[in-house]
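Comments concern the structure below.
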Ligand SMILES: [Zn+2]
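Numbering (the working numbering), first residue to last: 6 to 269.
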């Protein structure tokens, strides 16, 4: 067995950190490629950079000095309140956050997965095919800290209130939060009509946004955010109960179009 001096090893690691390929480092220092790969692996493990294994010891909710991608969090919170679910599968040590998203909107599935990666850097995400949809999942020991709204039973059977730090984030990134809510429990429909203009019949389209959720608290989070942004909305009823929130006024729809737009 050949022993390499610490100096040679440090020289190799410096080259690797500069982005020099393993084979090139091996050639320059006349060391077997396998040894270089091993040193690289050990160096990355020591710095907690192994893919999928980064130990996340803290989250923003545990310690507000830990960085959090707040726009991505506001979006993911909206998705979670709409169609998200936290569960504790026995075979995994960490709980999982799962958001079920319709296969009609593959762009939203990707946006959700990206937001998960930004909120939980270094954690693996996955997509599980289900009937007509995909469940987008991420596992983390800190899920319940970042989504303290989790509790037994269904969301509409319990109080859904934001923690003060969550309110601050939603207040700073209201459009991302609305986008998450619309992407999960909302829809954009187009009504149309025709009108005579200078003797010619013209077709006019009127987009309109709906948000549907049986939880009074979640609907209130949605309408409070609309109020914050100065958007007009109306509440619609089903079987005598408030159910849908509609945004249909021209100026308000124009803002929704600019910030959210059609599902994709
Ligand atoms: Zn935490």
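Note that the Cβ used here is the ideal one computed from N, Cα and C, for glycine as well.
In this text, all values refer to a predicted model and were calculated from it rather than measured experimentally.
- Residue 83 and residue 183 have their C-alpha atoms spaced approximately 7 Å apart.
- Secondary structure at residue 258: helix, using DSSP grouped into helix, strand and coil.
- Within the DSSP bridge table, the entry for residue 103 names 90 and 142 as partners.
- DSSP lists 249 as the bridge partner or partners of residue 241.
- If you draw a straight line from the Cα of residue 220 to the Cα of residue 189, it is about 14 Å long.
- Distances between the C-beta of residue 147 and the heavy atoms of ligand 1 include at least one below 7 Å.
- Of all alpha-carbon atoms in 15, 233, 20 and 217, the one lying nearest the alpha-carbon of residue 246 is that of 217.
- With a threshold of 7 Å, the Cβ atom of residue 150 counts as near ligand 1, since some heavy atom of the ligand is closer than that.
- The three-state reading of DSSP puts residue 135 in strand, counting E and B together.
- Here residue 202 carries a strand assignment [DSSP, helix/strand/coil].
- Of the heavy atoms belonging to ligand 1, none sits nearer than 7 Å to the Cβ of residue 125.
- Judged by pairs of C-beta atoms under 8 Å, the segment 204-212 does not touch the segment 104-114, as fewer than three such pairs exist.
- By the C-beta criterion, the segment 138-154 is judged not to be in contact with the segment 190-205, since fewer than 3 inter-stretch pairs fall below 8 Å.
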